[in-house]
Structures are given as C-alpha cells and as structure tokens.
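Engineer: Attaching a single structure in structure tokens format; questions to follow.
Numbering (my numbering), first residue to last: 21 to 95.
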C-alpha cells in the first residue's frame, strides 16, 4: 500500500481528519515511527484509547514502527 492509499484508508476509517504537510512524502520515503502515549486516570484504559492504537496498527501493517508508552503517573 502506498503512502497516499494508507492515508486514504486512515481517513476512510475516521482515524485521520487532517495532517501536516509532507506526511505522505515521509510515509513514502521509508520507515517512520508513530507514537501514542497513555497516562490513564482510571485503573484501566477505555474505548477512547482504541482510536490511536488502531491508527498505529494500520501503520505497522504497512511496515512502519509503532511506539506505545503507558505511564503510571496518574493511573
């Protein structure tokens, strides 16, 4: 899947509404890292945390590197 079709897929799924200029070029130029961080305020994560995780899953399926950090400062 090309960078443009990856972005189209993410838009179609409602995971991306807008992005910075040059994202498609960066995705097409090589492996990029996608990051999501969570510092839960409850004892567990909730369904709202699923959106960034799904976005990272799609990046990983296209050969990119997902990074997830779960903090414990407030959880």
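Glycine is no exception: its CB is placed at the ideal position from the N, C-alpha and C atoms.
These numbers were taken from a predicted model, which means no experiment stands behind them.
#1: Who pairs with residue 89 in a beta bridge, going by DSSP?
#2: How close, in whole Å, do the beta carbons of residue 35 and residue 88 come, if the pair is a contact with beta carbons under 8 Å?
#3: Can you give me the C-alpha to C-alpha distance between residue 92 and residue 27, rounded to a whole angstrom?
#4: Near residue 24, what residues of its chain come up, given a Cβ to Cβ distance below 6 Å and the 5 sequence neighbours on each side ignored?
#5: Under 6 Å Cβ to Cβ from residue 55, same chain only, skipping five residues before and after it: list those, please.
Structural biologist: From the atom records:
#1: 57
#2: 15 Å between Cβ atoms; not a contact.
#3: 32 Å
#4: 44
#5: 87
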